[in-house]
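Remarks on the structure that follows.
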Amino acid sequence: MRIRAVTDADLPAIQAIYAHHVATSLGTFETEPPTVPEMRVRCTGIVQAGFPYLVGELDGRIVGFAYANQFRPRAAYSGTLEDSIYVAADATRRGVGKTLLAELIKQCIALGMRQMLALIGDSGNAASIAVHRACGFVQVGVMTDVGRKLGRWVDVVIMQRELAQPG
94 MRIRAVTDAD LPAIQAIYAH HVATSLGTFE TEPPTVPEMR VRCTGIVQAG
144 FPYLVGELDG RIVGFAYANQ FRPRAAYSGT LEDSIYVAAD ATRRGVGKTL
194 LAELIKQCIA LGMRQMLALI GDSGNAASIA VHRACGFVQV GVMTDVGRKL
244 GRWVDVVIMQ RELAQPG
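Per this note's numbering: the sequence shown = residues 94 to 260.
Structure below.
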(Lines of atoms letter the chains of each structure in order from A and count residues from 1; the text may use other names and numbers.)
(Lines give C-alpha, C1' and ligand atoms only; values in the text may rest on other atoms or scores of the structure.)
Protein backbone atom coordinates (compact mmCIF):
# COMPACT_ATOMS: atom_id res chain seq x y z
CA MET A 1 0.00 0.00 0.00
CA ARG A 2 1.22 3.45 -0.87
CA ILE A 3 0.67 6.22 1.67
CA ARG A 4 0.74 9.80 0.48
CA ALA A 5 -0.60 13.24 1.21
CA VAL A 6 -4.19 13.91 0.19
CA THR A 7 -4.97 15.69 -3.08
CA ASP A 8 -8.18 17.31 -4.21
CA ALA A 9 -8.75 14.40 -6.60
CA ASP A 10 -8.97 12.03 -3.60
CA LEU A 11 -11.95 13.77 -2.03
CA PRO A 12 -14.75 11.85 -3.80
CA ALA A 13 -13.23 8.54 -2.63
CA ILE A 14 -12.69 9.93 0.87
CA GLN A 15 -16.28 11.15 0.99
CA ALA A 16 -17.57 7.73 -0.12
CA ILE A 17 -15.54 5.91 2.56
CA TYR A 18 -16.65 8.35 5.23
CA ALA A 19 -20.30 8.31 4.12
CA HIS A 20 -20.32 4.53 4.59
CA HIS A 21 -19.04 4.93 8.15
CA VAL A 22 -21.57 7.67 8.89
CA ALA A 23 -24.42 5.45 7.70
CA THR A 24 -23.35 2.12 9.18
CA SER A 25 -20.94 2.50 12.09
CA LEU A 26 -20.39 4.12 15.44
CA GLY A 27 -16.86 5.20 14.49
CA THR A 28 -18.15 8.70 13.80
CA PHE A 29 -20.95 10.43 15.61
CA GLU A 30 -22.07 12.27 12.50
CA THR A 31 -25.49 11.12 11.34
CA GLU A 32 -25.64 12.80 7.92
CA PRO A 33 -22.79 12.23 5.48
CA PRO A 34 -21.06 15.44 4.42
CA THR A 35 -20.85 16.27 0.74
CA VAL A 36 -17.62 16.36 -1.24
CA PRO A 37 -17.52 20.18 -0.99
CA GLU A 38 -17.96 19.93 2.79
CA MET A 39 -15.17 17.37 2.98
CA ARG A 40 -13.00 19.70 0.88
CA VAL A 41 -13.48 22.51 3.41
CA ARG A 42 -12.57 20.21 6.29
CA CYS A 43 -9.54 18.78 4.53
CA THR A 44 -8.30 22.20 3.46
CA GLY A 45 -8.55 23.49 7.03
CA ILE A 46 -6.49 20.60 8.39
CA VAL A 47 -3.81 20.89 5.71
CA GLN A 48 -3.64 24.70 6.00
CA ALA A 49 -3.18 24.34 9.76
CA GLY A 50 -0.05 22.30 8.97
CA PHE A 51 -1.31 18.90 10.04
CA PRO A 52 -0.99 15.67 8.03
CA TYR A 53 -3.91 14.33 6.02
CA LEU A 54 -2.96 11.00 4.43
CA VAL A 55 -4.51 8.52 2.05
CA GLY A 56 -3.75 4.84 1.59
CA GLU A 57 -3.75 3.77 -2.04
CA LEU A 58 -3.83 0.16 -3.21
CA ASP A 59 -3.81 -0.73 -6.90
CA GLY A 60 -4.65 2.87 -7.77
CA ARG A 61 -7.66 3.02 -5.43
CA ILE A 62 -8.05 4.92 -2.17
CA VAL A 63 -8.68 2.32 0.55
CA GLY A 64 -8.41 4.54 3.59
CA PHE A 65 -7.52 7.92 4.97
CA ALA A 66 -6.20 9.35 8.20
CA TYR A 67 -5.54 12.79 9.56
CA ALA A 68 -4.53 14.58 12.72
CA ASN A 69 -6.06 17.80 13.90
CA GLN A 70 -5.78 20.07 16.91
CA PHE A 71 -7.49 18.34 19.86
CA ARG A 72 -9.12 21.54 21.13
CA PRO A 73 -8.89 25.14 19.90
CA ARG A 74 -7.50 26.62 23.15
CA ALA A 75 -3.82 27.64 23.01
CA ALA A 76 -2.75 25.39 25.87
CA TYR A 77 -3.70 22.34 23.77
CA SER A 78 -1.37 23.35 20.91
CA GLY A 79 0.84 20.27 21.29
CA THR A 80 -2.03 17.80 21.49
CA LEU A 81 -3.66 16.24 18.44
CA GLU A 82 -6.60 13.95 17.81
CA ASP A 83 -6.35 11.32 15.10
CA SER A 84 -9.06 10.08 12.75
CA ILE A 85 -8.79 6.96 10.60
CA TYR A 86 -11.32 5.48 8.19
CA VAL A 87 -10.89 2.39 6.01
CA ALA A 88 -12.99 1.30 3.04
CA ALA A 89 -15.43 -1.49 3.93
CA ASP A 90 -13.79 -3.93 1.51
CA ALA A 91 -10.27 -3.18 2.79
CA THR A 92 -10.63 -3.89 6.50
CA ARG A 93 -8.45 -6.41 8.33
CA ARG A 94 -5.57 -5.89 5.89
CA GLY A 95 -3.42 -3.55 7.98
CA VAL A 96 -4.60 -0.39 6.21
CA GLY A 97 -5.58 1.41 9.42
CA LYS A 98 -2.44 0.40 11.29
CA THR A 99 -0.18 1.44 8.42
CA LEU A 100 -1.93 4.80 8.07
CA LEU A 101 -1.80 5.44 11.83
CA ALA A 102 1.90 4.54 12.06
CA GLU A 103 2.74 7.04 9.31
CA LEU A 104 0.47 9.67 10.85
CA ILE A 105 2.28 9.29 14.18
CA LYS A 106 5.66 9.55 12.46
CA GLN A 107 4.67 12.78 10.72
CA CYS A 108 3.22 14.29 13.91
CA ILE A 109 6.42 13.49 15.81
CA ALA A 110 8.36 15.28 13.06
CA LEU A 111 6.12 18.32 13.63
CA GLY A 112 7.17 18.38 17.28
CA MET A 113 3.76 17.48 18.67
CA ARG A 114 3.55 16.21 22.26
CA GLN A 115 0.46 13.96 22.60
CA MET A 116 -2.02 12.22 20.32
CA LEU A 117 -5.51 11.25 21.43
CA ALA A 118 -7.99 8.88 19.88
CA LEU A 119 -11.66 9.27 20.77
CA ILE A 120 -13.12 5.98 19.61
CA GLY A 121 -16.87 5.74 19.26
CA ASP A 122 -18.26 2.56 20.80
CA SER A 123 -16.38 0.73 23.52
CA GLY A 124 -17.06 -2.43 21.49
CA ASN A 125 -15.00 -1.17 18.53
CA ALA A 126 -12.34 -3.83 19.03
CA ALA A 127 -10.63 -3.22 15.67
CA SER A 128 -9.95 0.47 16.26
CA ILE A 129 -8.92 -0.11 19.86
CA ALA A 130 -6.52 -2.87 18.72
CA VAL A 131 -5.00 -0.71 15.97
CA HIS A 132 -4.37 2.11 18.39
CA ARG A 133 -2.96 -0.23 21.03
CA ALA A 134 -0.62 -1.76 18.43
CA CYS A 135 0.66 1.74 17.67
CA GLY A 136 1.48 2.50 21.29
CA PHE A 137 -1.75 4.04 22.57
CA VAL A 138 -3.08 3.23 26.03
CA GLN A 139 -6.66 3.53 27.16
CA VAL A 140 -7.02 6.43 29.59
CA GLY A 141 -10.77 6.59 29.99
CA VAL A 142 -14.28 5.91 28.81
CA MET A 143 -17.05 8.46 28.49
CA THR A 144 -20.23 6.46 29.05
CA ASP A 145 -23.37 6.94 26.95
CA VAL A 146 -22.32 10.30 25.48
CA GLY A 147 -23.62 9.79 21.93
CA ARG A 148 -26.81 8.44 20.47
CA LYS A 149 -26.58 6.77 17.09
CA LEU A 150 -28.17 3.85 15.28
CA GLY A 151 -30.86 3.68 17.94
CA ARG A 152 -28.68 3.32 21.00
CA TRP A 153 -26.50 5.20 23.45
CA VAL A 154 -22.79 4.86 22.74
CA ASP A 155 -19.62 5.18 24.82
CA VAL A 156 -16.42 6.88 23.69
CA VAL A 157 -13.10 5.22 24.53
CA ILE A 158 -10.25 7.67 25.08
CA MET A 159 -6.79 6.44 24.13
CA GLN A 160 -3.56 8.42 24.32
CA ARG A 161 -0.03 8.16 22.97
CA GLU A 162 2.96 10.26 23.87
CA LEU A 163 4.70 11.64 20.80
CA ALA A 164 7.57 13.51 22.47
CA GLN A 165 9.08 13.83 25.92
CA PRO A 166 8.30 17.03 27.81
CA GLY A 167 10.91 19.67 27.40
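Even glycine gets a Cβ: it sits at the ideal position worked out from N, Cα and C. The model shown is predicted, which means the values in this text are computed figures rather than measured ones.
Hey, how far is the Cα of residue i from the Cα of residue j?
i      : j      : result
Tyr111 : Gln232 : 25 Å
Ile202 : Pro126 : 31 Å
Ala195 : Arg135 : 22 Å
Leu109 : Leu256 : Contrary to the premise, residue 109 reads as Ala rather than Leu in this sequence. C-alpha separation (whole angstroms): 31 Å.
Arg318 : Val99  : In the structure as shown, the chain begins at 94 and stops at 260. Residue 318 is therefore absent and cannot be evaluated.
Gly138 : Arg187 : 30 Å
Asp101 : Met132 : 10 Å
According to DSSP, simplified to helix, strand and coil, what is residue i?
i      : result
Leu243 : coil
Asp101 : helix
Glu255 : strand
Thr137 : helix
Would residue i be called buried (16 or more neighbouring beta carbons within 10 Å of its own) or exposed?
i      : result
Arg154 : exposed
Arg254 : buried
Met236 : exposed
Ala211 : buried
From the DSSP secondary-structure annotation, give me the bridge partner or partners of residue i.
i      : result
Arg95  : Glu150
Thr185 : Paired residue(s): none; Thr185 is not in a bridge.
Val235 : Val250
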